[in-house]
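Residues -21 to -1, 1 to 130 (mature numbering (1 follows the signal peptide of the UniProt record, and there is no 0)) are what the sequence shown spells out, left to right.
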Amino acid sequence: MNKLIFSLILVLVIFPSQTHSENKMEELPPCSAILEPTKNAPKNARGIALIYNIERKFNDERTSLSVLALHLPKPLSFGDYDGYEVLAYIPNEISWTFPLSPVTNYRETTWAGKLDEVSPEMRPTRIKVRTINTTTKKTGPIVLEKILKPC
């Protein structure tokens, strides 16, 4: 009996078991980027984009894209607009849009939003924040943007 246990331990030490990962895709590293103001935005306006792979229920893998925008003027200052939205895309291939929601603290409004529906093997290469009229869906000037380098 002792020989059997010793043999089993020896086999497990010499031939370690292979770990089976449910994640079959190559994991892309998290990526962040500072969104810079365009000529349409105040010089203090900035944003941050965070892009990383997530696992959802039922082994569903996606890429999450979150954007936080600071020191933006009220959308109405650009015309008949009442909000901001993110346009993220890979030129000549695919694009995604999602709204930014206002969060007001101490009379300052921060705009934030996220999208968890990007295919896990895709990463946007360009991100823009622009004004939008949420009723008519008419988009306006771009206020923040960034061309991403692969990370």
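All residues carry an ideal CB built from backbone N, CA and C; glycine is no exception.
Query	Result
I33 versus W90 - alpha carbon distance	22 angstroms
Cα-Cα separation between K116 and D59, rounded to whole angstroms	11 angstroms
Paired residues, beta bridge with F77 - DSSP	V65
Buried/exposed call for I126, threshold 16 Cβ in 10 Å	exposed
Where K125 falls: helix, strand or coil (DSSP)	strand
Burial state of T42, where buried means 16 or more other Cβ atoms lie within 10 Å	buried
Minimum C-alpha distance to N19 - residue among P120, L94, K128	P120
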